[in-house]
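Enquirer:
In this note's numbering, the protein residues as written are 177 to 561.
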């Protein structure tokens, strides 16, 4: 693998904005960064490197998606080839590292899906592991999860799913009001998973209790949970009030109003993680799809359970989430980019190697034009598009 030299970029990452920025890669890592014309000396020292003139466009770290179910017409729950095809769609839009999310399914199906992701992650370093969204969810707030497959987090079920993932279960969503839920949070944490509170009827106090015992994520804030009421603040404010909790946000303009998204960034600017929660229709055409065992209809980019108004994931790409954050919610670009890069890296304990454009970090980068549209994607030092 030859190196890269990217120069004349407008770098933006969680550390801030720097004009006339350059970086050099060798293999899968960034080896040097700087500003101005000194990139020429770096290029001379790397005669075989590919040189990319950024022409003053935005350069960000690679995006990390904590929550996604498919894309490009392909679901993540239909085998390894479908996963690869869906991942390729998201990578073309700047998502260089992904978790594979699983909806509620029979326990045997979930074990199989987790094992497939473990197999894929062993050969593809861009796959960071699994997010177990179902089955430990409240029936009243199940959203697009099949009610037949929801269950309480009994110890045996939790242990079976942990074992099936073979060390690749990175996050898990749980409704803390379910029997055994608080105990299950501890078991999942001990197994190395980050636990999210979501698909829940929990009030402020119960959500706060779940965060006290170790949950560190709020799964797609505002969606599939009680909202903020002046006499019932709910789980969103419980998450905001705990400085160790990160809040997922689906910023497609449909799940959460941009004004509400802007409020969330103001309250927790370094603790918002932009996610897609995308299903197979992301990057594909409107029409009929499947999400687990449920039928989904997509019209004008809005995915709903067929015959209902229940939103069934999104058709969002992370570059669009970034555009929406900056242009519709008015979020500062540094905070918006951090929500796609450093913040999700920190959630996964990967902030020592992912989420920054800095020497020693993995060479994941996205070049975007002045309108925040992706032109080039680099992952592990290789140009993907």
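The beta carbon of each residue, even a glycine, is placed where N, CA and C say it ideally should be.
With DSSP collapsed to three states, give me the class of residue 492.
Expert: coil
Enquirer: What residues match up with residue 237 in a beta bridge as DSSP calls it?
Expert: 541
Enquirer: Between which residues of its own chain and residue 206 is the CB-CB distance below 6 Å, once the five residues before and five after are set aside?
Expert: 199, 535, 537, 539
Enquirer: If we ignore side chains and look at the alpha-carbon of each, how far apart do residue 489 and residue 558 end up?
Expert: 30 Å
Enquirer: Would a C-beta distance cut-off of 8 Å place residue 277 and residue 321 closer than the cut-off?
Expert: no
Enquirer: Could you tell me the alpha carbon to alpha carbon distance between residue 219 and residue 195, rounded to whole angstroms?
Expert: Residue 219 and residue 195: Cα-Cα distance of roughly 19 Å.
Enquirer: As a quick exercise: from 236, 348, 243, pick the residue whose alpha carbon is nearest that of residue 548.
Expert: With distances taken between CA atoms, residue 548 lies nearest to 236 out of 236, 348, 243.
Enquirer: Report yes if the C-beta distance between residue 350 and residue 360 is below 8 Å; otherwise report no.
Expert: For residue 350 and residue 360, yes; Cβs fall inside 8 Å.
Enquirer: Using 8 Å as the threshold, is the C-beta distance between residue 242 and residue 263 below it?
Expert: Not a contact, by the Cβ cut-off of 8 Å.
Enquirer: Is the region 499-510 touching the region 434-453, taking contact as three or more C-beta pairs under 8 Å?
Expert: yes
Enquirer: With DSSP collapsed to three states, give me the class of residue 381.
Expert: helix
Enquirer: Taking contact to mean at least 3 C-beta pairs separated by less than 8 Å, is the region 443-451 in contact with the region 478-489?
Expert: no
Enquirer: Quick check: residue 297 and residue 305, are their CB atoms within less than 8 Å of each other?
Expert: yes
Enquirer: Please determine, among 187, 345, 355, 208, the residue with the shortest C-alpha to C-alpha distance to residue 289.
Expert: 345
Enquirer: What is the rounded straight-line gap between the Cα of residue 407 and the Cα of residue 329?
Expert: 30 Å
Enquirer: Whose CA, out of 332, 515, 476, lies closest to the CA of residue 284?
Expert: 332
Enquirer: I believe residue 393 touches residue 371 by the beta-carbon criterion, under 8 Å. Please report the beta-carbon distance rounded to the nearest angstrom.
Expert: A Cβ-Cβ separation of about 7 Å places residue 393 in contact with residue 371 under the 8 Å criterion.
Enquirer: Leaving out five residues on either side along the sequence, give the residues of the same chain with a beta carbon under 7 Å from the beta carbon of residue 367.
Expert: Result list for residue 367: 338, 345, in chain order.
Enquirer: From residue 562 to residue 513, what does the alpha carbon distance come to, in whole angstroms?
Expert: What is shown of the chain runs 177 to 561, which leaves residue 562 out entirely.
Enquirer: Let me know the alpha helix (DSSP H) ranges lying completely inside the region 460-542, each 4 residues or longer, listed in chain order.
Expert: 494-499, 509-514, 518-523
Enquirer: Taking DSSP's pairing of strands, which residues face residue 437 in a bridge?
Expert: Residue pairing by DSSP places residue 437 in no beta bridge whatsoever.
Enquirer: Whole angstroms is fine: what's the gap from residue 325's alpha carbon to residue 335's?
Expert: 17 Å
Enquirer: Anyone know if the C-beta pair for residue 357 and residue 383 falls short of 8 Å?
Expert: Between residue 357 and residue 383, the gap from beta carbon to beta carbon reaches 8 Å or more.
Enquirer: Looking only at its chain, what residues have a beta carbon closer than 6 Å to the beta carbon of residue 185, apart from the 5 residues adjacent to it on each side?
Expert: 197, 230, 235
Enquirer: Determine which residues share a DSSP beta bridge with residue 251 and list them.
Expert: 246
Enquirer: For residue 239, which residues from the same chain have a beta carbon less than 7 Å from its beta carbon, with the 5 sequence-adjacent residues on both sides left out?
Expert: 270, 271, 272, 494, 516, 517, 542
Enquirer: Residue 245 and residue 261: beta carbons closer than 8 Å?
Expert: no
Enquirer: Taking a contact to mean a Cβ-Cβ separation below 8 Å, would you say residue 375 touches residue 317 in this structure?
Expert: yes
Enquirer: Indicate the three-state DSSP secondary structure (helix, strand or coil) for residue 448 in the structure shown.
Expert: Shown here, residue 448 sits in a strand according to DSSP, grouped into three states.
Enquirer: To the nearest whole angstrom, what separates the beta carbons of residue 553 and residue 268, a pair I think is in contact under 8 Å?
Expert: 7 Å
Enquirer: Within 8 Å of any Cβ in chain D, is that where the Cβ of residue 498 sits?
Expert: Protein chain content of the structure displayed is limited to a single chain, and chain D is not contained in it.
Enquirer: Could you check the C-alpha separation between residue 459 and residue 323 for me, to the nearest Å?
Expert: 28 Å
Enquirer: For residue 312 and residue 528, I'd like the C-alpha separation in whole angstroms.
Expert: 31 Å
Enquirer: Using CA atoms only, rank isn't needed, just tell me which of 546, 524, 509, 525 is closest to residue 192.
Expert: 509
Enquirer: Whose CA, out of 461, 511, 442, 425, lies closest to the CA of residue 248?
Expert: 461
Enquirer: Mind listing, in chain order, the continuous alpha helix (DSSP H) runs of no fewer than 4 residues lying wholly within the region 331-393?
Expert: 331-341, 357-366, 380-388
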